[in-house]
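Worksheet: one structure, shown below.
2 protein chains.
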Amino acid sequence: MSLRHAALGLLSEGPASGYDLMKLFEVSLSNTWPATQSQLYAELGKLADAGLVDVVAEGPRGRKEYAITPEGLTELRRWITDVEPARATRSDMLLRVFFLAQISPERARGYLHRQAELSGKEAERLEGVRGFVESGTDNLSVYGRIALEYGLRISRAQQEWAEWAEEQIR
Amino acid sequence: MSLRHAALGLLSEGPASGYDLMKLFEVSLSNTWPATQSQLYAELGKLADAGLVDVVAEGPRGRKEYAITPEGLTELRRWITDVEPARATRSDMLLRVFFLAQISPERARGYLHRQAELSGKEAERLEGVRGFVESGTDNLSVYGRIALEYGLRISRAQQEWAEWAEEQIR
DNA sequence: CATTGCATGTAACGCGTTACATGATTAT
DNA sequence: ATAATCATGTAACGCGTTACATGCAATG
Numbered sequence: 001m002s003l004r005h006a007a008l009g010l011l012s013e014g015p016a017s018g019y020d021l022m023k024l025f026e027v028s029l030s031n032t033w034p035a036t037q038s039q040l041y042a043e044l045g046k047l048a049d050a051g052l053v054d055v056v057a058e059g060p061r062g063r064k065e066y067a068i069t070p071e072g073l074t075e076l077r078r079w080i081t082d083v084e085p086a087r088a089t090r091s092d093m094l095l096r097v098f099f100l101a102q103i104s105p106e107r108a109r110g111y112l113h114r115q116a117e118l119s120g121k122e123a124e125r126l127e128g129v130r131g132f133v134e135s136g137t138d139n140l141s142v143y144g145r146i147a148l149e150y151g152l153r154i155s156r157a158q159q160e161w162a163e164w165a166e167e168q169i170r
Numbered sequence: 001m002s003l004r005h006a007a008l009g010l011l012s013e014g015p016a017s018g019y020d021l022m023k024l025f026e027v028s029l030s031n032t033w034p035a036t037q038s039q040l041y042a043e044l045g046k047l048a049d050a051g052l053v054d055v056v057a058e059g060p061r062g063r064k065e066y067a068i069t070p071e072g073l074t075e076l077r078r079w080i081t082d083v084e085p086a087r088a089t090r091s092d093m094l095l096r097v098f099f100l101a102q103i104s105p106e107r108a109r110g111y112l113h114r115q116a117e118l119s120g121k122e123a124e125r126l127e128g129v130r131g132f133v134e135s136g137t138d139n140l141s142v143y144g145r146i147a148l149e150y151g152l153r154i155s156r157a158q159q160e161w162a163e164w165a166e167e168q169i170r
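Going down the list, the sequences are from chains U and Z. The first sequence begins at 1 in full-length UniProt numbering and counts up by one. The second sequence begins at 1 in full-length UniProt numbering and counts up by one.
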């Protein structure tokens, strides 16, 4: 039920079309909450039906510009403050760890080594993104940088864990 | 497509019924890959159709004991070594961060404070689990402890991030 | 004999992914 | 002209959740 709130959240910064939102997703939420175009268009339709957004303008090529309604803003705030974030995080990377006894110790170490590398690369990638979004004083940029810091810290922690884990296997 | 491999992985340690597997899930994989009873029974049926597991015994109350087949073991190993783990991790906790400008700074700090607390509690809970599974020399216990260490490190990192983030908001 | 535990399944619904389908407008 | 970009949608399929349905066997 969170794509709904992701869309509401982006619209809380100003009106936009589905197409605009899709681009916004790519540069902001994509690492936190990936969404596909199909999904987004469908969700905008449902949001409009529910009265949480309105179509405020229609442009060329059938463009529909959506704006959040007062009810939508209320719902967004309610979701932020009153709904407990889900705890369950599925990780197929970690799931494999449980079954490493089924492959040779060499391969198992190889697996963990590769995960350490991937996490390291991910951290570097995020450092790059940080350089790119350093300016930007709009809400999404300001809080996006806080979210980015999260990604960085988690990636580094994951890398260190994988390096540690690799050494545990003898 | 990972519940399939979770089931294969558990069966690689020995034959078990759906009911047994469900209990095993609860004490081992539940933090990494939650699964419901419906889902598991359905998946066992599909695995049997695909020849990756066999029904090796039928007991009282319609109990069916499943065992992994050589093909199943091959598939499990292929999945571990040849299939790249998914990178995308959705986090509705982090998604909310992007939209914190929509609530007051006090509330925003409150949100982050609460997340720090929750992560701290989660870390403590995992410390407790660690005390509980310290012995245990079977594969699942050995690798489960490595997975547990992951959860611990990530929880601590998350806690520290949330504490840091709270201070960023003025 | 009643409760608890063992044991398996079905049905409905929503979210997410992939692929497909269509067409208008702008820039070169 | 034609290619790139803008722009919206539909359809099929799979995974995951929740709720429901059923019944046997062991324990006290």
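Backbone N, C-alpha and C define an ideal beta-carbon position, used for all residues, glycine too.
- Around the beta-carbon of GLU75 (chain Z), 16 or more other beta-carbon atoms lie within 10 Å, marking it buried.
- If you check each beta-carbon in the stretch 128–151 of chain Z against every beta-carbon of chain U, the ones closer than 7 Å belong to ASN139, LEU140, TYR143, GLY144, ILE146, ALA147, GLU149 and TYR150.
- The beta carbon of ILE68 (chain U) sits no closer than 7 Å to any beta carbon of chain Z.
- Per DSSP, the beta bridge partners of ALA67 (chain Z) are Z:ASP54.
- Nearest CB-CB separation between LEU21 (chain Z) and chain U: not below the 7 Å threshold.
- In the DSSP assignment, ILE154 (chain Z) falls within the alpha helix (DSSP H) that extends over 139–168.
- Using a Cβ-Cβ distance cut-off of 8 Å, the stretch 59–73 of chain U and the stretch 2–22 of chain U are in contact, since at least three pairs of beta carbons, one from each stretch, lie closer than that value.
- About 4 Å separates the Cβ atoms of ALA162 (chain Z) and GLN115 (chain Z), confirming a contact at the 8 Å cut-off.
- For the stretch 74–95 of chain Z, residues whose beta-carbon sits nearer than 9 Å to a beta-carbon of chain U comprise LEU76, ARG77, TRP79, ILE80, THR81, VAL83, GLU84, PRO85, ALA86, ARG87, ALA88, THR89, ARG90, SER91, ASP92, MET93, LEU94 and LEU95.
- In the three-state reduction of the DSSP assignment, ALA16 (chain U) falls in the strand class, which pools E and B.
- Taking 7 Å as the threshold, the shortest C-beta distance from PHE25 (chain Z) to chain U does not fall below it.
- Counted as a single uninterrupted DSSP element, the alpha helix (DSSP H) harbouring MET93 (chain U) occupies residues 92–98.
- The beta carbon of ALA116 (chain U) sits no closer than 7 Å to any beta carbon of chain Z.
- By the criterion of a C-beta distance shorter than 7 Å, MET22 (chain U) is surrounded in its chain by GLN37 and LEU40, once the five residues flanking it on both sides are discounted.
- For VAL129 (chain Z), the secondary structure class from DSSP, reduced to helix, strand or coil, is helix.
- SER38 (chain Z) is outside the set of residues whose beta carbon lies under 7 Å from a beta carbon in chain U.
- Any Cβ of chain U closer than 7 Å to the Cβ of ALA157 (chain Z) would place that residue at the interface, and such an atom is present.
- Looking from the CA of GLY120 (chain U), the closest CA among U:GLY151, U:LEU94 and U:ARG170 belongs to U:GLY151.
- In this structure, the beta-carbon distance from ARG77 (chain U) to ILE103 (chain Z) falls below 7 Å.
- Look at ALA165 (chain Z): its C-beta is under 7 Å from a C-beta on chain U.
- For a cut-off of 8 Å, the C-beta gap from GLY144 (chain U) to PHE132 (chain Z) is around 40 Å, too long to register as a contact.
- Taking 9 Å as the cut-off between beta carbons, the residues of the stretch 94–110 of chain U near chain Z are LEU94, LEU95, ARG96, VAL97, PHE98, PHE99, LEU100, ALA101, GLN102, ILE103, ARG107, ALA108 and GLY110, in sequence order.
- DSSP, read as helix, strand or coil, puts PRO60 (chain Z) in helix.
- Membership of SER104 (chain U) in any alpha helix (DSSP H) is not indicated, and neither H nor E is assigned to it by DSSP.
- In the structure shown, the three-state DSSP call for ALA35 (chain Z) is coil.
- For GLY136 (chain Z), there is no enclosing alpha helix (DSSP H), as DSSP marks it with neither H nor E.
- Look at VAL83 (chain U) here: in three-state DSSP terms it is coil, with no helix or strand label.
- Nearest in C-alpha terms to LEU118 (chain U), of all of Z:ALA86, Z:TRP33 and Z:ALA50, is Z:ALA86.
- Where ALA7 (chain U) is concerned, the enclosing alpha helix (DSSP H) starts and stops at 2–11.
- In this structure, the alpha-carbon of ALA101 (chain Z) lies about 6 Å from that of ASN139 (chain U).
- Sequence-distant Cβ neighbours of GLN159 (chain Z) in its own chain, meaning closer than 6 Å and more than five residues away, are ALA116, SER119 and GLY120.
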